[in-house]
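Protein chains in written order, with my numbering: chain A, 13 to 54; chain B, 2 to 239.
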């Protein structure tokens, strides 16, 4: 059994899930902080 | 911890810390993953599949450390009514759930060529799956409690009760000697050869920094949302 497809699949899953978590956390932070700043300026 | 009870003081530290954790985490994780894929030799028994170690072990550690963080936040919430404890608990949960899921999926992928099966109801695998479901329950409970304007005490009690699963996961390989291998990395040493082991600290620290950055970003988002909600309430009353 060729092990490389398993190794690559595991790394793709780990990197994709970590990237998705970071992007979601970053986007939600930017959105919330922008809304708070907008409200402060009004 | 009490010094950070003031959200303004917390934000003064969290803003620069988020960027630093993100940059350091990315640098170490990329270095560790690159080294693990290209610079280490294959294992004499498992061959190339041993490379899954460099992402599976940090995911397992962060899945468990996340719940430990929820348990500490729960104690702070129940005992000291720390104003950021509920925020911290809600911020840790999605990150912990993500790494628990990563641990389960990468473990399953590792299991197929090594054990000949994707899944087995073994003590370690099952207790890790329970941890993932505990995270989903915590996320649902904490967000429902927040929407109802609660202080987060029910979620805190759930977080504390769920911590019982942590020693079960840790000792599962000793209590039920089934399919998952026993402890190969301990506090005093490791049974893995150094030629294979050396990139693991890089990915462990790297992914931990990324986990920390994700938690800080979620805490900042929650604090900003709370500020907007409070302001809207004041404007509504005026």
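Each residue gets a CB set at the ideal place from its N, CA and C atoms; glycine is no exception.
Check: How many Å lie between residue 81 (chain B) and residue 48 (chain A) at the Cα?
Finding: As a first step, residue 81 (chain B) must be located in the second chain, where it is residue number 80. As a first step, residue 48 (chain A) must be located in the first chain, where it is residue number 36. Roughly 28 Å between the two C-alpha positions.
Notebook entry, point to check: In terms of alpha-carbon separation, which member of B:42, B:92, B:73, B:62 lies closest to residue 218 (chain B)?
Noted result: Position 217 of the second chain holds residue 218 (chain B). Residue B:92 is the option with its Cα nearest to residue 218 (chain B).
Notebook entry, point to check: Buried or exposed: where does residue 134 (chain B) fall if 16 or more other Cβ atoms within 10 Å of its Cβ makes it buried?
Noted result: One-based indexing of the second chain puts residue 134 (chain B) at position 133. The residue is exposed, with fewer than 16 neighbouring Cβ atoms inside 10 Å.
Next item on the list: For residue 70 (chain B), decide whether its Cβ has a neighbour in chain A, counting only Cβ atoms nearer than 8 Å.
Entry: Within the second chain, residue 70 (chain B) is the residue found at index 69, counting from 1. No, no contact with chain A.
Next item on the list: With a cut-off of 8 Å on the beta carbons, I'd call residue 137 (chain B) and residue 98 (chain B) a contact; round off their distance for me.
Entry: Your numbering for residue 137 (chain B) matches position 136 in the second chain. Your numbering for residue 98 (chain B) matches position 97 in the second chain. Indeed they touch by this definition, with Cβ atoms about 7 Å apart.
Check: For residue 225 (chain B) and chain A, any beta-carbon pair shorter than 8 Å?
Finding: In the second chain, residue 225 (chain B) corresponds to position 224, counting from 1. Chain A, which has a Cβ nearer than 8 Å to the Cβ of residue 225 (chain B), makes this yes.
Item checked: Residues of its chain near residue 213 (chain B), where Cβ-Cβ distance is below 7 Å and the 5 sequence neighbours each way are ignored -> Taking the first residue of the second chain as position 1, residue 213 (chain B) is located at position 212. Correct list, in chain order: 22.
Margin query: Below 9 Å on C-beta distance, what does residue 95 (chain B) contact in chain A?
Written below: Counted from its first residue, the second chain places residue 95 (chain B) at position 94. Per Cβ cutoff of 9 Å: 33, 36, 37.
Note to self: For residue 44 (chain B), list the residues DSSP reports as bridge partners.
What the structure shows: Along the second chain, read from residue 1 onward, the residue named residue 44 (chain B) stands at position 43. Beta-bridge pairing links residue 44 (chain B) to B:48.
Item checked: Contacts that residue 218 (chain B) makes with chain A (C-beta to C-beta distance below 7 Å) -> Here residue 218 (chain B) refers to the residue found at position 217 when the second chain is read from its first residue. Within 7 Å Cβ-Cβ: 37, 38, 41.
Note to self: Can you find the residues in the same chain that come closer than 8 Å, C-beta to C-beta, to residue 94 (chain B), ignoring five residues on each side of it along the sequence?
What the structure shows: Position 93 of the second chain, counting from 1, holds the residue named residue 94 (chain B). Closer than 8 Å at Cβ, skipping near neighbours: 67, 71, 136, 139, 140, 143.
Next item on the list: From the DSSP output, in three-state form, read off residue 191 (chain B) for me.
Entry: For the purposes of this step, residue 191 (chain B) is taken as the residue at position 190 of the second chain. Three-state result, residue 191 (chain B): strand.
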